[in-house]
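Undergrad: Encoded as structure tokens, here's the structure I'll be asking about.
Number of protein chains: 2
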Amino acid sequence: MGNRQAELVWLNGRMVPKQEAFITPDDRGFLFADGVYEVVRWYGNFFLGMDGHQKRLRRSLAEMRLDGFDVEEFPSVCQQLLEVNQLQSEEALVYLEITRGASPRTHHFPVQPVPPTVYGFARRFQPDKHAGVAGVVIALLPDIRWMRCDIKSVSLLGNVLSYQQAKERGLFECIFHRDGLITEASHSNILFVRNGVLFTHPESPLILSGITRGIVLQLAADLGISISLEPVPLADLYTCDEAFLSGTSVEVLPVVEIEGRKIGDGTPGKITRQLQEAFKQLIIQRGIEFVRPIPPVINF
Amino acid sequence: MGNRQAELVWLNGRMVPKQEAFITPDDRGFLFADGVYEVVRWYGNFFLGMDGHQKRLRRSLAEMRLDGFDVEEFPSVCQQLLEVNQLQSEEALVYLEITRGASPRTHHFPVQPVPPTVYGFARRFQPDKHAGVAGVVIALLPDIRWMRCDIKSVSLLGNVLSYQQAKERGLFECIFHRDGLITEASHSNILFVRNGVLFTHPESPLILSGITRGIVLQLAADLGISISLEPVPLADLYTCDEAFLSGTSVEVLPVVEIEGRKIGDGTPGKITRQLQEAFKQLIIQRGIEFVRPIPPVINF
């Protein structure tokens, strides 16, 4: 251990050592998956897409009618988590979960409102640079998740059981199909290129509106790439020229093979590379242009 | 408070006072809804359908590939929870949840297996006798849940958000329709009678195989009632003569109105009444015939 400090986590309004962070098992997050979360990426000097994450968190809470957490505090809590864990000059992920609090178990919301449970942590994170160059191989599975994937909830068991299958087969991710259409991946979005047009599932209750997905679509528009917000039919999957994942942790990640069949010539596609490069430039520029000073740490 | 003892709950192999029962927020139950549960009903001297609950728990754990809990211990833990809380001669519900334990957050299962988290509690319970006589009024909502409702998991957010809608409209429950067919209710099963035939959704990934549903089907067979394990189409809902819910807490409960429209003449149906009476007799007889002595309380 030496001089390495104990990890601090955010729990209900204050920083506590991780080994002292406890919740009651009567928390509705534990009993009913009645909670939402966000994961934001820190690039050593700025959070990418913080406004988008904050807006999405506000929307998730509103759709759930989950009150009592002030979303205005979200960026500050994230920054405090970096600061107290000496991660300000590292690359890191910050996780924040908000549940409907602890109450005797009933399916309906607590009749007397209880305070939400708020749990946050930060940890070092760097993506696999090799994967970004070579591209990844993924699985194709039926979408067994619920019909409100637009809410970033902790009701993630369908994602977990699906991703585990992919993982055990040595695959990087899995994408889902529902009613003959490709929706998204277990914890990222999927985009395709066909005849020079970028395709991805439109925003709908069947996918999470990924923050990186939104950034990539903006970059594509800036580059003059045609965009079609239409889901790719399962039947057309292998006639696509390119495929890639987008997400907070994967950034822009080429997919070279799906369920044992090559995409295009089995190497990262040209438009994928263009978008990967544009994303990289965005990070470099934002690192210079959008550096946000960390405010004084308060409240703990 | 007086001489009333503090509630004891079961947590990871021992009884602890409820106010001292804590888990880490890194539990996969809290982060991913990666857990299963059972609720069993104690009728003052026996658990109804304990074998069925135990078998279903074993199946849920197997489908989830969640190891480390010995299902053979389930009845004993339930009985201990009654005993230590002086509920042996009361009517009560016992809840037991098992999750994939605590581990740094990753969608895949922990690479080094961790012990499951096991949480149980017992509480007094008596159903609303009035509802059983008059019947209940319920809502009809789209089934937004995932495609593995056969696993009794804590991934219950779809159930919660749906039931809350019904509750706020003053309705007792809600039933779901998916792809034009009635599946089940938010925390009970639904059965219908049409032209003297009892209809309910067959066992499938789209419904939970209710223990009480199974008992009711057995009682119906014993009474010579024709049974059709076919889902009722949404289009035929209001031409059914009778409807009722079945479940561990609701037992056999007549439904007299769905989404503002009467079922039959708007009073509990004849076959529903027959099954309600047969269920009541089963409880009375089991109370005599199947009383199981509580074994010595151990391990706490």
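Note that the protein sequences, when read in sequence, are chains H and Z. Heads up: the first sequence runs through residues 1335 to 1634, numbered per this note's numbering. Heads up: the second sequence runs through residues 1335 to 1634, numbered per this note's numbering. Glycine included, each C-beta is placed from N, C-alpha and C at the ideal position.
Could you name the residues of the same chain whose beta carbon sits closer than 6 Å to that of residue 1489 (chain Z), not counting the 5 residues immediately before and after it, in chain order?
TA: Against the second sequence, residue 1489 (chain Z) aligns to sequence position 155. 1367.
Undergrad: Below 8 Å, can you find three or more Cβ-Cβ pairs linking the segment 1462 to 1475 of chain Z to the segment 1583 to 1590 of chain Z?
TA: Touching, yes, given that three or more Cβ pairs across the two stretches are closer than 8 Å.
Undergrad: Using a Cβ-Cβ distance cut-off of 8 Å, determine whether residue 1474 (chain Z) contacts chain H.
TA: In the second sequence, residue 1474 (chain Z) corresponds to position 140, counting from 1. No, residue 1474 (chain Z) lies away from the interface with chain H (no Cβ there is under 8 Å from its Cβ).
Undergrad: Please return the same chain residues whose Cβ sits closer than 7 Å to the Cβ of residue 1608 (chain H), not counting the five positions on each side in sequence.
TA: Position 274 of the first sequence, counted from the first residue, corresponds to residue 1608 (chain H). Only 1557 meet the Cβ criterion.
Undergrad: Measure the beta-carbon distance from residue 1577 (chain H) to residue 1524 (chain H) and round it to whole angstroms, keeping in mind my assumption that it falls under 8 Å.
TA: By one-based count along the first sequence, residue 1577 (chain H) stands at place 243. By one-based count along the first sequence, residue 1524 (chain H) stands at place 190. Contact holds; Cβ gap of about 7 Å.
Undergrad: Going along chain H in order, which residues have a C-beta closer than 7 Å to the C-beta of residue 1481 (chain Z)?
TA: Within the second sequence, residue 1481 (chain Z) is the residue found at index 147, counting from 1. The answer, in chain order, is 1478.
Undergrad: With 7 Å as the limit, tell me which residues of the segment 1363 to 1391 of chain H have their beta carbon closer than that to any beta carbon of chain Z; keep them in chain order.
TA: 1363, 1364, 1365, 1366, 1367, 1368
Undergrad: So is residue 1356 (chain Z) buried or exposed if we call it buried at 16+ other beta carbons inside 10 Å?
TA: Position 22 of the second sequence, counted from the start, is the residue given in the question as residue 1356 (chain Z). Answer is exposed; the Cβ neighbour count stays below 16.
Undergrad: With the cut-off set at 8 Å, would you say residue 1512 (chain H) and residue 1573 (chain H) are in Cβ contact?
TA: Position 178 of the first sequence, counted from the start, is the residue given in the question as residue 1512 (chain H). Position 239 of the first sequence, counted from the start, is the residue given in the question as residue 1573 (chain H). No, these two residues do not count as a Cβ contact at 8 Å.
Undergrad: How would you list, in chain order, the residues of chain Z whose beta-carbon sits under 7 Å from the beta-carbon of residue 1356 (chain H)?
TA: The residue you call residue 1356 (chain H) lines up with position 22 of the first sequence. Those are 1356, 1357, 1358, listed as they occur along chain Z.
Undergrad: Please name the residue in Z:1417, Z:1435, Z:1596 whose C-alpha comes closest to that of residue 1457 (chain Z).
TA: Along the second sequence, read from residue 1 onward, the residue named residue 1457 (chain Z) stands at position 123. Checked all of Z:1417, Z:1435, Z:1596; the closest Cα to residue 1457 (chain Z) is Z:1417.
Undergrad: What does residue 1439 (chain H) reach in chain Z if we use C-beta pairs closer than 7 Å?
TA: Counting from one through the first sequence, the residue named residue 1439 (chain H) turns up at place 105. Residues of chain Z passing the Cβ test: 1429.
Undergrad: Does the CB of residue 1498 (chain Z) have a neighbour CB from chain H at under 8 Å?
TA: In the second sequence, counting from the first residue as 1, residue 1498 (chain Z) sits at position 164. Yes, residue 1498 (chain Z) counts as interfacial toward chain H.
Undergrad: Quick check on residue 1486 (chain H): does DSSP put it in helix, strand or coil?
TA: For this step, residue 1486 (chain H) is matched to residue 152 along the first sequence. Residue state, collapsed to three classes: coil.
Undergrad: DSSP beta-bridge partners for residue 1383 (chain Z)?
TA: Within the second sequence, the letter at position 49 stands for residue 1383 (chain Z). For residue 1383 (chain Z), which the question treats as bridged, DSSP gives no partner whatsoever.
Undergrad: What residues from the segment 1529 to 1542 of chain H come within 9 Å of chain Z, judged by C-beta to C-beta, listed N to C?
TA: 1539
Undergrad: Do you know whose CA, among Z:1430, Z:1491, Z:1542, Z:1434, lies nearest residue 1400 (chain Z)'s CA?
TA: Reading the second sequence from its first residue, position 66 is the one you call residue 1400 (chain Z). Among Z:1430, Z:1491, Z:1542, Z:1434, the Cα nearest to that of residue 1400 (chain Z) belongs to Z:1434.
Undergrad: Go through the segment 1357 to 1402 of chain H residue by residue and report every complete run of the beta strand (DSSP E) that reaches 3 residues or more, in order.
TA: 1369 to 1377
Undergrad: Which residues in chain H sit within 9 Å of residue 1490 (chain Z), going by Cβ to Cβ distance?
TA: Position 156 of the second sequence, counted from the start, is the residue given in the question as residue 1490 (chain Z). Near residue 1490 (chain Z) (Cβ distances below 9 Å), the residues of chain H are 1365, 1366, 1367, 1368, 1441, 1489.
Undergrad: Among the residues of its own chain, which have a CB less than 6 Å from the CB of residue 1568 (chain H), if the five just before and after it don't count?
TA: Along the first sequence, read from residue 1 onward, the residue named residue 1568 (chain H) stands at position 234. Closer than 6 Å at Cβ, skipping near neighbours: 1511, 1514.
Undergrad: Can you give me the C-alpha to C-alpha distance between residue 1341 (chain H) and residue 1421 (chain H), rounded to a whole angstrom?
TA: Working through the first sequence from its first residue, we reach residue 1341 (chain H) at position 7. Working through the first sequence from its first residue, we reach residue 1421 (chain H) at position 87. Cα to Cα, residue 1341 (chain H) sits roughly 11 Å from residue 1421 (chain H).
Undergrad: Answer yes or no: does any C-beta atom of chain H fall closer than 8 Å to that of residue 1511 (chain Z)?
TA: Residue mapping note: residue 1511 (chain Z) aligns to position 177 of the second sequence, counting from 1. Not one chain H Cβ lies under 8 Å of residue 1511 (chain Z).
Undergrad: Taking a contact to mean a Cβ-Cβ separation below 8 Å, would you say residue 1517 (chain Z) touches residue 1565 (chain Z) in this structure?
TA: By one-based count along the second sequence, residue 1517 (chain Z) stands at place 183. By one-based count along the second sequence, residue 1565 (chain Z) stands at place 231. Yes; because the gap between Cβ atoms is below 8 Å, this pair is in contact.
Undergrad: Enumerate in chain order the residues of its own chain whose CB-to-CB distance from residue 1429 (chain H) is below 7 Å, with the five nearest sequence positions on each side excluded.
TA: Along the first sequence, one-based indexing puts residue 1429 (chain H) at 95. Answer for residue 1429 (chain H): 1371, 1373, 1454, 1455, listed in chain order.
Undergrad: Residue 1412 (chain H) lies in the alpha helix (DSSP H); which residues open and close that run?
TA: As a working note, residue 1412 (chain H) is residue 78 in the first sequence. Its alpha helix (DSSP H) spans residues 1408 to 1418.
Undergrad: Rounded C-beta distance between residue 1486 (chain Z) and residue 1542 (chain Z)? I'm assuming under 8 Å.
TA: Here residue 1486 (chain Z) corresponds to residue number 152 of the second sequence, with the count starting at 1. Here residue 1542 (chain Z) corresponds to residue number 208 of the second sequence, with the count starting at 1. Right, their Cβ atoms sit about 6 Å apart.
Undergrad: According to DSSP, is residue 1405 (chain Z) helix, strand or coil?
TA: Position 71 of the second sequence, counted from the start, is the residue given in the question as residue 1405 (chain Z). DSSP places residue 1405 (chain Z) in helix when its eight states are reduced to three.
Undergrad: Give every residue of the same chain whose Cβ lies closer than 7 Å to the Cβ of residue 1483 (chain H), excluding the five residues on either side of it in the sequence, and list them in chain order.
TA: Residue 1483 (chain H) sits at position 149 when you count from the first residue of the first sequence. These residues qualify, in order along the chain: 1539, 1540, 1541, 1542.
Undergrad: Report all residues from its chain with a CB closer than 6 Å to the CB of residue 1378 (chain Z); omit the five preceding and five following residues, and keep chain order.
TA: Taking the second sequence and counting its residues from 1, one reaches residue 1378 (chain Z) at position 44. Within the same chain, residue 1378 (chain Z) has close Cβ partners 1423, 1425.
Undergrad: My output table needs one value for residue 1496 (chain Z): the three-state DSSP class, helix, strand or coil.
TA: Along the second sequence, read from residue 1 onward, the residue named residue 1496 (chain Z) stands at position 162. Correct three-state label for residue 1496 (chain Z): helix.
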